[in-house]
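In our numbering, the protein residues as written are 327 to 444. To start, the structure under review is shown below, and the notes come after it.
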Amino acid sequence: QVQLVESGGDLVQPGGSLRLSCEASGRTFSRDAMAWFRQAPGTERELVAGVSSGGVIVYGDSVNGRFTISRDKAKNTLSLQMRSLKPEDTAIYYCAVRASGSGRYDYWGQGTQVTVSS
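Structural data, given as structure tokens:
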């Protein structure tokens with residue numbers, strides 16, 4: 327059974343930093359793409375950052391230059407380093423996996439809350 331468990335969400339002041347982590351278990355993910363999504367109340371879920379099995383990285387326009395995604399294939403972990411946080415970054419952040427050959431993200435974590443507020 328595939329499980330994705332996020333951690334690291336917290337309340338942080340504007341301009342601050344936060345690091346999210348996702349631990350994946352239940353199968354080998356080395357051939358899969360992994361990503362972080364987020365969803366704020368009343369909005370659609372959006373891609374924050376993603377990394378392919380080959381290491382190609384993409385960022386959402388709103389976080390490019392502030393966030394850094396990384397993965398450790400040996401440990402089945404995915405991380406998101408967030409810097410210069412803004413109130414509009416407030417959302418639930420989800421870890422997701424797109425299996426090799428799949429056209430959509432098949433597996434999702436339960437999410438971790440990030441709140442940016444003074």
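C-beta: ideal position from N, C-alpha, C; glycine also.
(1) Could you check the C-alpha separation between E349 and L373 for me, to the nearest Å?
(2) Report the option in D415, Q407, R357 whose CA atom is closest to the CA atom of P340.
(3) Which residues mark the beginning and the end of the beta strand (DSSP E) in which T438 is found?
(4) Taking 8 Å as the threshold (C-beta atoms), are S410 and D358 in contact?
(5) In three-state terms, what does DSSP make of E372?
(6) Here's the rule I'm using: 16 or more other beta-carbon atoms within 10 Å means buried, otherwise exposed. How should A417 be labelled?
(7) Once DSSP output is grouped into helix, strand and coil, what is the label at D398?
(8) Ignore the nearest five residues each way along the sequence and tell me which others in V389's own chain have a CB closer than 8 Å to its CB.
(9) Measure the Cβ-Cβ separation of F355 and V442 and say whether it is below 8 Å.
(10) In terms of residue numbering, what span does the beta strand (DSSP E) encompassing T403 cover?
(11) Got a sec? Which residues, its chain only, sit under 7 Å from G334 by beta carbon, not counting five neighbours each side?
(12) Could you tell me how far apart the beta carbons of Y420 and R364 are, in whole angstroms, since I believe they sit closer than 8 Å?
Inspection of the coordinates gives the following:
(1) 19 Å
(2) D415
(3) 438-442
(4) no
(5) strand
(6) buried
(7) strand
(8) V374, A375, M408, D415
(9) no
(10) 403-408
(11) L344, R345, L346, S347, T438
(12) 7 Å
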